[in-house]
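Take the sequence shown: its position 198, counted from the start at 1, is 345 in my numbering, and no numbers get skipped. Glycine residues also receive a C-beta, built at the ideal position from the N, C-alpha and C atoms. Everything numeric in this text was worked out from a predicted model, so none of it was measured. A quick write-up on the structure given underneath.
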Amino acid sequence: MRFSIVSGPRQRADLGETAYQAQRNFVEDAILAEELGFDANYFGEHHFCFASGTSSPLTLLTEVAVRTKRIRVGTSVICAPFHNPLRLAEDIAAVDLISNGRFDLGIGVGSQWEEFQTFGIDPKERFGRTWEIIDIIERCHAAKVGDVFDWNGKYYNFPGINWTMQPVQEKIPIFWGGFGPQGVKRAAERGYNLIAPDVTGTYQRIMREHGRDPAKAHIGFATLVTMGDTFDDAIAPMAEPCTWVSNQYALRPDLEGNFPPESHRITIDEVIAKARVGGISDFAFTPPGQKPAPFSVPLAGTVSHVRDYFLSLVRGERGLVTHFCLGFREPGTPTESVHKSMRLFASEILPALREEAAKPR
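Dropping the structure here:
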């Protein structure tokens, strides 16, 4: 089992925070994660909006790679359609080289209307483009020195590719970042990991049909965590940041540019109420026109409460989870609170989870 930090770096301009300050916070969290014994750090990507992700995750991950020795670094996820496939393949290879083979590629199709509009990409092409980009990346990374090849696809054509950026890893691990059954099915057919919950069971079924043990793959999605002496102590520093993040999604336009009504705005009381009953972010589908549940809701409580929840996951009581993707900072969360929860998790919870995970099943 893997225990990772997953975050979407973004500044709170409304609070006077600069982009520089925000990026520093998330990078320093990643450096601390190695010190505390976490296994990996992943950054998300988004453009031209304040959804959860930096506009340049590979650049930030390069700094993390240079300043660490052990922890894996990766994306959660790269929004593939907005990239030139060859440049993306080169940049991925560069991070793998700089990190000496510690890079994981989380990849997905993008989700924000602003991104598709500004980059001039038809949202209807997002899945086709993403899978072709994955094919191009894998073809490039498999190339040996001296190989020259052409790529002729539906969306991209590149003549005379003389590939010179061989990664350290023979095959960079790929994590599919999507919930839909068709994408999950294809990821399982290819033996990719899943940086999303297997909500339909499709992933596990297809993996087994192809002779693979899904328990040996990395399966899991982000759980926000905040801890204190009581629930009220734990939720206090993260309630407003989670409300802000939730509204980046509740009030975003759909992929045709249609904005929801102001009545869809999430309140801080709704976030706290859902957290109080243990209703952490479940990313359930919301029917069109219906107010969504808060997108960002932390697991908030005492150390023992948080430990018990994760022990149930390790034991498989809530389905197959092999990758524990932990978030400790939503934009605007005080660093003191973030690092307090990270240190408590590392010292009081992580050893128990690793011990439980080591038991025969």
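Can you list, in chain order, the residues of its chain whose CB lies under 7 Å from that of Pro-481, leaving out five sequence neighbours each side?
In the sequence shown, residue 481 corresponds to position 334, counting from 1. Cβ within range, chain order: Pro-384.
Do Phe-475 and Val-372 have their C-beta atoms closer together than 7 Å?
Indexing the sequence shown from 1 puts residue 475 at position 328. Indexing the sequence shown from 1 puts residue 372 at position 225. Less than 7 Å divides the Cβ of Phe-475 from the Cβ of Val-372.
What's the gap between the Cα of Val-255 and the Cα of Tyr-189?
For this step, residue 255 is matched to residue 108 along the sequence shown. For this step, residue 189 is matched to residue 42 along the sequence shown. Residue identity check: residue 255 is Gly in the sequence provided, not Val. C-alpha separation (whole angstroms): 14 Å.
If you compare alpha carbons, which of Leu-233, Gln-259, Thr-347 and Ile-225 is closest to Gln-395?
Position 248 of the sequence shown, counted from the start, is the residue given in the question as residue 395. Nearest C-alpha to Gln-395 among Leu-233, Gln-259, Thr-347 and Ile-225: Gln-259.
Report the option in Glu-387, Ile-152, Gly-466 and Asp-161 whose CA atom is closest to the CA atom of Ala-362.
Locating residue 362 in the sequence shown gives position 215, counting from the first residue. The option with the nearest alpha carbon to Ala-362 is Gly-466.
Which of the three DSSP states is assigned to Gly-253 in this structure?
Numbered from 1 along the sequence shown, position 106 holds the residue referred to as residue 253. Gly-253 falls in the strand class under three-state DSSP.
I want to know whether the stretch 338–348 touches the stretch 304–322 - three or more CB-CB distances under 8 Å.
Touching, per the Cβ criterion.
Best match in Gly-184, Ala-180, Asp-379 and Cys-389 for proximity to Phe-423 [C-alpha to C-alpha]:
Residue numbering aside, residue 423 sits at position 276 when the sequence shown is read from its first letter. Reading off the sequence shown, one finds Arg at residue 423, where the question assumed Phe. Nearest C-alpha to Arg-423: Asp-379.
According to DSSP, residues forming a beta bridge with His-470
Position 323 of the sequence shown, counted from the start, is the residue given in the question as residue 470. According to DSSP, His-470 bridges with Arg-149.
Please go through the stretch 225–309 and give each complete beta strand (DSSP E) segment of 3 or more residues, from N-terminal end onward.
Unbroken beta strand (DSSP E) stretches of 3 residues or longer found wholly inside the stretch 225–309: 250–255, 295–299 and 304–309, given in chain order.
Taking a contact to mean a Cβ-Cβ separation below 7 Å, would you say Ala-227 touches Thr-277 in this structure?
Here residue 227 is taken as the residue at index 80 of the sequence shown, counted from 1. Here residue 277 is taken as the residue at index 130 of the sequence shown, counted from 1. Yes; because the gap between Cβ atoms is below 7 Å, this pair is in contact.
Report buried or exposed for Thr-370, applying the criterion of at least 16 other Cβ atoms within 10 angstroms of its Cβ.
In the sequence shown, the residue the question calls residue 370 occupies position 223. Classification of Thr-370: buried, given that the 10 Å Cβ count is 16 or more.
For the structure I just gave you, are there three or more beta carbon pairs, one from the stretch 344–358 and one from the stretch 452–460, closer than 8 Å?
Contact fails between the stretch 344–358 and the stretch 452–460, because fewer than three Cβ pairs, one in each stretch, are under 8 Å apart.
Entirely enclosed beta strand (DSSP E) segments - the stretch 415–458, minimum 3 residues
If we require 3 residues or more, the beta strand (DSSP E) runs fully inside the stretch 415–458 come out as 446–448.
Since I believe Arg-157 is in contact with His-470 (beta carbons under 8 Å), could you give me their beta-carbon distance rounded to a whole number of angstroms?
Translated into the one-based positions of the sequence shown, residue 470 becomes position 323. Translated into the one-based positions of the sequence shown, residue 157 becomes position 10. Between the beta-carbon of His-470 and that of Arg-157 there is about 23 Å, and that puts the pair past the 8 Å contact cut.
Could you pull out every residue in the same chain whose Cβ sits closer than 6 Å to the Cβ of Ala-177, ignoring the five residues on either side in sequence?
Translated into positions along the sequence shown, residue 177 becomes position 30. For Ala-177, where only same-chain residues beyond five positions count, the Cβ hits under 6 Å are Asn-188 and Val-211.
Rounded to whole angstroms, what's the CA-CA distance from Gly-248 to Ser-203? Just pull it up for me.
Your numbering for residue 248 matches position 101 in the sequence shown. Your numbering for residue 203 matches position 56 in the sequence shown. In this structure, the straight-line span from the alpha carbon of Gly-248 to that of Ser-203 is close to 20 Å.
Validate contact between the stretch 239–246 and the stretch 190–198 using beta carbons, cut 8 Å, 3 pairs:
Not touching, per the Cβ criterion.
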